[in-house]
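> Each number in our numbering corresponds to the 1-based position in the sequence shown with 2 added.
In this text, a Cβ means the ideal position worked out from N, Cα and C, and glycines have one as well.
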Amino acid sequence: MRLLIMGPPGAGKGTQAVSISKTFNIPHISTGDIFRENMKKETPLGLEAKAFYDQGLYVPDEVTNRIVEDRLTWDDAKNGFLLDGYPRTIDQVNFLDQILAKNSQKIEKVLEITIDIPVVVERLLKRSQEQGRIDDTKEVITKRLDVYASSTAPLLAEYQKRGILQKVDGMGSVSEVEEKIKSALAS
Ligand code: AMP
Numbered sequence: 003m004r005l006l007i008m009g010p011p012g013a014g015k016g017t018q019a020v021s022i023s024k025t026f027n028i029p030h031i032s033t034g035d036i037f038r039e040n041m042k043k044e045t046p047l048g049l050e051a052k053a054f055y056d057q058g059l060y061v062p063d064e065v066t067n068r069i070v071e072d073r074l075t076w077d078d079a080k081n082g083f084l085l086d087g088y089p090r091t092i093d094q095v096n097f098l099d100q101i102l103a104k105n106s107q108k109i110e111k112v113l114e115i116t117i118d119i120p121v122v123v124e125r126l127l128k129r130s131q132e133q134g135r136i137d138d139t140k141e142v143i144t145k146r147l148d149v150y151a152s153s154t155a156p157l158l159a160e161y162q163k164r165g166i167l168q169k170v171d172g173m174g175s176v177s178e179v180e181e182k183i184k185s186a187l188a189s
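#1: When you compare only the Cα positions, how much space is there between residue 51 and residue 138?
#2: Going by beta carbon distance, what residues of the same chain come within less than 8 Å of residue 65, once the five residues before and after it are set aside?
#3: Please indicate yes or no: does the CB of residue 125 lie closer than 7 Å to some heavy atom of the ligand AMP?
#4: With a floor of 4 residues, list each alpha helix (DSSP H) that falls wholly inside the stretch 148–185, ordered by position along the chain.
#5: With DSSP run on the structure shown, which of helix, strand or coil describes residue 71?
#6: Less than 8 Å between the C-beta atoms of residue 172 and residue 16, yes or no?
#7: In this structure, how does DSSP classify residue 41 when only helix, strand and coil are distinguished?
#8: Counting C-beta neighbours from all protein chains within 10 Å, is the total for residue 181 16 or more, i.e. buried, or is it exposed?
#9: I want to check one thing, is the minimum distance from the CB of residue 32 to the heavy atoms of the ligand AMP below 7 Å?
#10: Answer yes or no: the CB of residue 68 versus the heavy atoms of the ligand AMP, is any distance below 7 Å?
#11: Of the choices 81, 97, 11 and 167, whose alpha-carbon is the least far from that of residue 117?
#12: Could you give the residue range of the alpha helix (DSSP H) that holds residue 22?
#13: Just checking my contact of residue 4 with residue 110 at CB under 8 Å: how many whole Å lie between their CB atoms?
#14: In angstroms, rounded to a whole number, what distance separates the CA positions of residue 98 and residue 176?
#15: Cβ of residue 8 within 8 Å of Cβ of residue 113?
#16: I need the straight-line Cα distance from residue 87 to residue 33, nearest angstrom please.
#17: According to the Cβ coordinates, are residue 58 and residue 142 closer than 8 Å?
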């Protein structure tokens, strides 16, 4: 199963991705998590990403594409994966298509978690307090939502055109959304 999970920051992608990954026994690959780990360890990648990350801007495509290309070669991703937070630009969509095509593979389904924006802002502010995520100040949250709307939301139309987009209403409890995702993936 080769899956993408998309939706605005704060839609609950990360939480849902963990259970999808367990259910299908596929790795959950989050580019945001990879950047956070690298920033914590102050690796060259982390230092490169930090300036963009802290402002709520996207890390340049060539950097992000490189880390995904590498991660997809790991053994655990041979039979499938769930990408969370990637692709986010049309360049990343094209790049992902190309690297998968080399092995005659393609994305089978794209889950779009939909959510009301005021709910998202509230969730992200709460998360920033709980987890001390420095990217989640009100200003940065607004910036990240704007960037999502202008750069990433339009990509959903491409996956819709391919007939692989499944919209899932992200409002409700974690287990309610989990159930909706299960039926979307079964259909
Ligand atoms: P996330 O945790 O997925 O919301 O990502 C947090 C931040 O990491 C984003 O605001 C970007 O700065 C960076 N990032 C994560 N994934 C990508 C991506 N696919 N392309 C560019 N930047 C990304």
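Checking against the coordinates, here is how it stands:
#1: One-based indexing of the sequence shown puts residue 51 at position 49. One-based indexing of the sequence shown puts residue 138 at position 136. Cα-Cα distance, rounded: 16 Å.
#2: Here the question's residue 65 lines up with position 63 in the sequence shown. Around residue 65: 47, 50 and 51.
#3: What you label residue 125 is simply residue 123 of the sequence shown in a count that begins at 1. For the ligand AMP, not one heavy atom lies less than 7 Å from the Cβ of residue 125.
#4: Under the rule that a run must span 4 or more residues, the alpha helix (DSSP H) segments found entirely inside the stretch 148–185 read 157–163.
#5: As a first step, residue 71 must be located in the sequence shown, where it is residue number 69. Note: residue 71 maps to helix in three-state DSSP.
#6: Position 170 of the sequence shown, counted from the first residue, corresponds to residue 172. Position 14 of the sequence shown, counted from the first residue, corresponds to residue 16. No, Cβ-Cβ distance for residue 172 and residue 16 is not below 8 Å.
#7: Numbered from 1 along the sequence shown, position 39 holds the residue referred to as residue 41. Correct three-state label for residue 41: helix.
#8: For the purposes of this step, residue 181 is taken as residue 179 along the sequence shown, with counting starting at 1. Residue 181 comes out exposed.
#9: For the purposes of this step, residue 32 is identified with residue 30 of the sequence shown, where counting begins at 1. Relative to the ligand AMP, the nearest heavy atom lies less than 7 Å away from the CB of residue 32.
#10: Start at 1 with the first residue of the sequence shown, and residue 68 comes out as number 66. No; taking the cut-off as 7 Å, the Cβ of residue 68 has no heavy atom of the ligand AMP nearer than that.
#11: The residue given as residue 117 occupies position 115 in the sequence shown. Of the candidates 81, 97, 11 and 167, the one whose C-alpha sits nearest the C-alpha of residue 117 is 11.
#12: If you number the sequence shown from 1, residue 22 lands on position 20. Residues 15–26.
#13: Looking up residue 4 in the sequence shown gives position 2. Looking up residue 110 in the sequence shown gives position 108. Right, the Cβ-Cβ distance comes to about 5 Å (below 8 Å), so this counts as a contact.
#14: Translated into the one-based positions of the sequence shown, residue 98 becomes position 96. Translated into the one-based positions of the sequence shown, residue 176 becomes position 174. Those two C-alpha atoms are separated by around 29 Å.
#15: Stepping through the sequence shown from its first residue, residue 8 is reached at position 6. Stepping through the sequence shown from its first residue, residue 113 is reached at position 111. Yes; because the gap between Cβ atoms is below 8 Å, this pair is in contact.
#16: Taking the sequence shown and counting its residues from 1, one reaches residue 87 at position 85. Taking the sequence shown and counting its residues from 1, one reaches residue 33 at position 31. Taking the straight line joining both Cα atoms gives about 6 Å.
#17: As a position in the sequence shown, residue 58 is number 56, starting the count at 1. As a position in the sequence shown, residue 142 is number 140, starting the count at 1. For residue 58 and residue 142, yes; Cβs fall inside 8 Å.
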